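Working notes for the structure below.
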Amino acid sequence: MKNISILGSTGTIGENTLQVVASFPGKFKVFALTANRNIHKMQRQVLEWKPRYAVLSCVDSAKILSDNLREHSDITTEVLGGPESLEFVAAHEETDYVMAAIVGGAGLLSTMSAARHGKRILLANKESLVMSGELFMNEVKNSGAQLLPIDSEHNAIFQCLPFDYASSISSSRASIKRLILTASGGPFLNTPIEKFSEISVEQACNHPNWIMGQKISIDSATMMNKGLEIIEACHLYDMPLDKVEIVVHPQSIIHSMVEYIDGSVMAQLGTPDMKIPIAYGLGWPERIFSGADFLDFYQLRSLSFEKPDYDKFKCLTYAKEAFKQGGVYPAILNAANEVAVQSFIENKVKFSNIPEIIEHALDSCTYEYDLTIDSILRADFECRKSLRKQIGIKKWPI
Ligand code: NAD
Ligand code: MG
Numbered sequence: 003m004k005n006i007s008i009l010g011s012t013g014t015i016g017e018n019t020l021q022v023v024a025s026f027p028g029k030f031k032v033f034a035l036t037a038n039r040n041i042h043k044m045q046r047q048v049l050e051w052k053p054r055y056a057v058l059s060c061v062d063s064a065k066i067l068s069d070n071l072r073e074h075s076d077i078t079t080e081v082l083g084g085p086e087s088l089e090f091v092a093a094h095e096e097t098d099y100v101m102a103a104i105v106g107g108a109g110l111l112s113t114m115s116a117a118r119h120g121k122r123i124l125l126a127n128k129e130s131l132v133m134s135g136e137l138f139m140n141e142v143k144n145s146g147a148q149l150l151p152i153d154s155e156h157n158a159i160f161q162c163l164p165f166d167y168a169s170s171i172s173s174s175r176a177s178i179k180r181l182i183l184t185a186s187g188g189p190f191l192n193t194p195i196e197k198f199s200e201i202s203v204e205q206a207c208n209h210p211n212w213i214m215g216q217k218i219s220i221d222s223a224t225m226m227n228k229g230l231e232i233i234e235a236c237h238l239y240d241m242p243l244d245k246v247e248i249v250v251h252p253q254s255i256i257h258s259m260v261e262y263i264d265g266s267v268m269a270q271l272g273t274p275d276m277k278i279p280i281a282y283g284l285g286w287p288e289r290i291f292s293g294a295d296f297l298d299f300y301q302l303r304s305l306s307f308e309k310p311d312y313d314k315f316k317c318l319t320y321a322k323e324a325f326k327q328g329g330v331y332p333a334i335l336n337a338a339n340e341v342a343v344q345s346f347i348e349n350k351v352k353f354s355n356i357p358e359i360i361e362h363a364l365d366s367c368t369y370e371y372d373l374t375i376d377s378i379l380r381a382d383f384e385c386r387k388s389l390r391k392q393i394g395i396k397k398w399p400i
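Okay, so the sequence shown: first residue is 3 according to the working numbering, each after it adds one.
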């Protein structure tokens with residue numbers, strides 16, 4: 003029996019994880035559930051799963067949840083409040099597996115905590131790896147943690163690599179020509195850039211293939227999601243940037259590919275359903291039932307491929323530039339993107355302003371040589387503060 007702590011249990015990935023876990027009552031036990039402030043959803047999850055701990059980052063919400071649960075005499079769940087409690091459950095000695103599914107930089111410290119304590123980490127929270135890169139990968143190596151990528155592209159690549167890739171990374175890497183990340187292109191693949199300033203939040207969240215949280219849906223619409231995923235792939239598989247390529251594949255059936263030096267290409271296919279990578283991460287090295295639909299090849303439309311348009315989706319270029327710069331630049335990229343997306347959701351800026359805000363933040367960044375978690379958190383904080391102030395004062399662009 004493996005104890006699972008789900009960071010971000012009320013989100014799309016969190017709920018999909020619980021759906022997979024529900025099929026295996028003898029194999030997995032929900033040890034801790036965490037969320038930001040969604041008291042009602044968390045209460046429902048606690049009543050159903052009866053975890054040891056329920057954490058809400060918002061302390062006031064945690065108090066309300068705790069009061070509400072007193073009416074249920076059969077519930078012994080301990081309710082904790084505050085962001086430090088996320089790290090506590092991630093590091094808890096009885097936690098075996100950590101599903102890292104908080105959205106954004108808010109997931110950094112708890113995901114790090116899981117890495118430092120040698121857990122099996124099911125990594126959905128790509129932002130934490132983008133921000134902390136090598137520091138995170140070093141924590142994983144030093145503690146002996148098992149890192150299983152849940153992002154569908156990276157999970158696909160994991161499945162297409164030799165089984166012992168992680169242990170023989172340098173020799174395996176020599177046999178790889180490139181990692182090919184597929185991208186759906188999002189809802190605006192065929193929308194002319196001139197129309198980008200008119201795009202509404204609702205349109206941006208209407209992804210053609212995947213059902214996802216609001217932030218990652220908007221990231222898919224700007225293609226920043228793919229930019230973050232390039233950085234994620236470089237770190238996870240210790241690959242140089244020029245060996246990671248994007249191919250637009252609007253049907254989202256091939257989830258990514260590995261091309262080898264002999265000309266072979268390994269691909270992983272499946273319906274666009276996150277329960278597949280989640281089940282893979284939970285069951286690895288075995289395969290377990292995910293509950294996802296099976297592919298029907300006779301129903302499939304043709305599979306098509308095209309080049310990404312870097313002029314239209316500028317976030318792709320900014321992500322590559324930030325990775326090349328290194329240091330705190332990827333953290334600045336991420337922080338600026340989070341502020342820009344949130345400002346777009348709040349109707350303070352237009353969809354077309356998102357890449358402009360990110361470019362401005364990267365241009366204003368000064369290089370820090372001493373890369374530590376503290377310097378990353380400081381850069382993240384300063385970037386958010388300065389952008390919020392600028393966006394609050396005047397309409398973008400400044
Ligand atoms: P979501 O918005 O549906 O859920 C986010 C979760 O994070 C919620 O449980 C929320 O309570 C929690 N959260 C938000 N802010 C928090 C804070 N400050 N402190 C603590 N908890 C906080 O997001 P999602 O779509 O489930 O995505 C989660 C992560 O997985 C993201 O990093 C995303 O990029 C990644 N991911 C998602 C998908 C997908 O299909 N949804 C696919 C690949 C990767
Ligand atoms: Mg993805």
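Where a beta carbon is used, it is the ideal one built from N, C-alpha and C, also for glycine.
What you are looking at is a predicted structure, and each value in this text was computed from that prediction instead of being measured.
Give the C-beta separation of residue 334 and residue 247 to the nearest angstrom, bearing in mind that I take them to be a contact with Cβ-Cβ under 8 Å.
Walking along the sequence shown from the start, residue 334 turns up at place 332. Walking along the sequence shown from the start, residue 247 turns up at place 245. Contact between residue 334 and residue 247 fails: their C-beta atoms lie close to 24 Å from each other, not under 8 Å.
Taking DSSP as the reference, what is the three-state secondary structure of residue 146?
As a working mapping, residue 146 is identified with position 144 in the sequence shown. Secondary structure of residue 146 (DSSP, three-state): coil.
Confirm the yes/no value for this check: CB of residue 85, any heavy atom of the ligand NAD, distance under 7 Å.
Translated into the one-based positions of the sequence shown, residue 85 becomes position 83. Yes, the ligand NAD has a heavy atom inside 7 Å of this Cβ.
Nearest-angstrom Cα separation, counted from residue 129 out to residue 345
Locating residue 345 in the sequence shown gives position 343, counting from the first residue. Locating residue 129 in the sequence shown gives position 127, counting from the first residue. Cα atoms of residue 345 and residue 129: separation of roughly 18 Å, rounded to the nearest angstrom.
Give me the DSSP bridge partner(s) of residue 5.
Numbered from 1 along the sequence shown, position 3 holds the residue referred to as residue 5. Beta-bridge analysis with DSSP links residue 5 to 31.
Given 7 Å as the limit, tell me if residue 217 has its C-beta closer than that to any heavy atom belonging to the ligand NAD.
By one-based count along the sequence shown, residue 217 stands at place 215. Residue 217 Cβ: within cutoff of the ligand NAD.
Using a Cβ-Cβ cut-off of 8 Å, state whether residue 229 counts as contacting chain D.
Of the protein chains in this structure there is only one, and it is not chain D.
Considering only their Cβ atoms, is the gap separating residue 49 from residue 77 smaller than 8 Å?
Taking the first residue of the sequence shown as 1, we reach residue 77 at position 75. Taking the first residue of the sequence shown as 1, we reach residue 49 at position 47. Contact: yes.
Helix, strand or coil at residue 110 according to DSSP, with G and I counted as helix:
Taking the first residue of the sequence shown as 1, we reach residue 110 at position 108. Residue 110: helix per DSSP, three-state reduction.
Residues near residue 400 by beta carbon distance below 8 Å, same chain, minus five either side:
Residue numbering aside, residue 400 sits at position 398 when the sequence shown is read from its first letter. Here the model assigns residue 400 a pLDDT of 49, short of 50, so the residue's position is not dependable, and the following value carries that caveat. Cβ within range, chain order: 362, 392.
Between the C-alpha atoms of residue 184 and residue 253, what's the straight-line distance to the nearest angstrom?
Position 182 of the sequence shown, counted from the first residue, corresponds to residue 184. Position 251 of the sequence shown, counted from the first residue, corresponds to residue 253. Cα to Cα, residue 184 sits roughly 10 Å from residue 253.
Round the Cβ separation of residue 158 and residue 292 to the nearest angstrom and send it over; I've been treating them as touching at under 8 Å.
Residue numbering aside, residue 158 sits at position 156 when the sequence shown is read from its first letter. Residue numbering aside, residue 292 sits at position 290 when the sequence shown is read from its first letter. About 14 Å separates the beta carbons of residue 158 and residue 292, which is beyond the 8 Å limit, so they are not a contact pair.
Going by other Cβ atoms of all chains shown within 10 Å of its Cβ, with 16 needed for buried, is residue 282 buried or exposed?
Numbered from 1 along the sequence shown, position 280 holds the residue referred to as residue 282. It counts as buried.
Does at least one heavy atom of the ligand NAD sit under 7 Å from the Cβ of residue 309?
The sequence position of residue 309 within the sequence shown is 307, counting from 1. No, since every heavy atom of the ligand NAD falls outside the 7 Å radius drawn around the Cβ of residue 309.
Please classify residue 287 as buried or exposed, where buried requires at least 16 other C-beta atoms within 10 Å of its C-beta.
By one-based count along the sequence shown, residue 287 stands at place 285. The residue is exposed, with fewer than 16 neighbouring Cβ atoms inside 10 Å.
Just list the beta strand (DSSP E) runs in the region 237-270, keeping only unbroken ones of 3 residues or longer that don't cross its boundaries, in chain order.
Counting whole runs of 3 or more residues, the region 237-270 contains the beta strand (DSSP E) stretches 246-250, 256-262.
Are the region 156-173 and the region 265-281 in contact at 8 Å, needing three or more beta carbon pairs?
Inter-segment contact for the region 156-173 and the region 265-281 is present: three or more beta-carbon pairs are separated by less than 8 Å.
Shorter than 7 Å, the distance from the beta carbon of residue 323 to the closest heavy atom of the ligand MG, or not?
Counted from its first residue, the sequence shown places residue 323 at position 321. For the ligand MG, not one heavy atom lies less than 7 Å from the Cβ of residue 323.
Three-state secondary structure (DSSP) of residue 179:
Here the question's residue 179 lines up with position 177 in the sequence shown. It is a strand residue.
Backbone CA spacing between residue 75 and residue 40 [nearest angstrom]:
Indexing the sequence shown from 1 puts residue 75 at position 73. Indexing the sequence shown from 1 puts residue 40 at position 38. Those two C-alpha atoms are separated by around 22 Å.
Given 7 Å as the limit, tell me if residue 127 has its C-beta closer than that to any heavy atom belonging to the ligand NAD.
Within the sequence shown, the letter at position 125 stands for residue 127. Because some heavy atom of the ligand NAD lies under 7 Å away, the Cβ of residue 127 counts as near it: yes.
Figure out for me which residue from 3, 18, 7, 6 has the closest Cα to the Cα of residue 214.
The residue labelled residue 214 in the question sits at position 212 within the sequence shown. If we check each option's Cα against that of residue 214, 18 comes out closest.
Boundaries (first-last residue) of the alpha helix (DSSP H) holding residue 323
Taking the first residue of the sequence shown as position 1, residue 323 is located at position 321. Note, residue 323: alpha helix (DSSP H), 316-327.
On the three-state DSSP scale, how would you describe residue 191?
Locating residue 191 in the sequence shown gives position 189, counting from the first residue. DSSP, read as helix, strand or coil, puts residue 191 in coil.
What's the call for residue 42, buried or exposed, on a 16-neighbour Cβ count within 10 Å?
The count along the sequence shown starts at 1 and reaches residue 42 at position 40. Around the Cβ of residue 42, a 10 Å sphere holds fewer than 16 other Cβ atoms; the residue is exposed.
Compute the distance between the beta-carbons of residue 356 and residue 133, then report whether it is under 8 Å.
Taking the first residue of the sequence shown as 1, we reach residue 356 at position 354. Taking the first residue of the sequence shown as 1, we reach residue 133 at position 131. Result no, Cβ atoms of residue 356 and residue 133 do not sit closer than 8 Å.
Tell me whether residue 24 is buried or exposed, calling it buried when 16 or more other Cβ atoms sit within 10 Å of its Cβ.
The residue given as residue 24 occupies position 22 in the sequence shown. Under this definition residue 24 is an exposed residue.
Counted within 10 angstroms of its Cβ, other Cβ atoms place residue 205 as buried (16 or more) or exposed
By one-based count along the sequence shown, residue 205 stands at place 203. Residue 205 is exposed by the Cβ-count criterion.
Could you spell out the range, first to last residue, of the alpha helix (DSSP H) harbouring residue 123?
In the sequence shown, counting from the first residue as 1, residue 123 sits at position 121. Taken as a continuous stretch (DSSP letters only), residue 123 belongs to no alpha helix (DSSP H), being part of the beta strand (DSSP E) at 122-125.
If the criterion is Cβ atoms closer than 8 Å, does the pair residue 211 and residue 274 meet it?
Locating residue 211 in the sequence shown gives position 209, counting from the first residue. Locating residue 274 in the sequence shown gives position 272, counting from the first residue. Closer than 8 Å, so yes.
Taking 6 Å as the limit, name every residue whose beta carbon sits nearer than that to some heavy atom of the ligand MG, in sequence order.
For the ligand MG, the residues with a Cβ under 6 Å from any of its heavy atoms are, in chain order, 153, 154, 155, 231.
Mind reading off the beta-carbon distance from residue 109 to residue 217? Whole number of angstroms is fine, and I expect it under 8 Å.
In the sequence shown, residue 109 corresponds to position 107, counting from 1. In the sequence shown, residue 217 corresponds to position 215, counting from 1. Contact flag wrong, Cβ pair sits at about 12 Å.
CB-CB length for residue 80 against residue 99, believed under 8 Å:
One-based indexing of the sequence shown puts residue 80 at position 78. One-based indexing of the sequence shown puts residue 99 at position 97. At roughly 20 Å, the Cβ-Cβ gap does not stay under 8 Å, so residue 80 and residue 99 are not in contact.
Using the three-state DSSP reduction, which class does residue 330 fall into: helix, strand or coil?
Stepping through the sequence shown from its first residue, residue 330 is reached at position 328. Correct three-state label for residue 330: coil.
Are residue 251 and residue 307 closer than 8 Å when you measure CB to CB?
Indexing the sequence shown from 1 puts residue 251 at position 249. Indexing the sequence shown from 1 puts residue 307 at position 305. For residue 251 and residue 307, yes; Cβs fall inside 8 Å.
C-alpha distance - residue 280 paired with residue 35, whole-angstrom precision
For the purposes of this step, residue 280 is identified with residue 278 of the sequence shown, where counting begins at 1. For the purposes of this step, residue 35 is identified with residue 33 of the sequence shown, where counting begins at 1. Between residue 280 and residue 35, the alpha-carbon positions lie close to 16 Å from each other.
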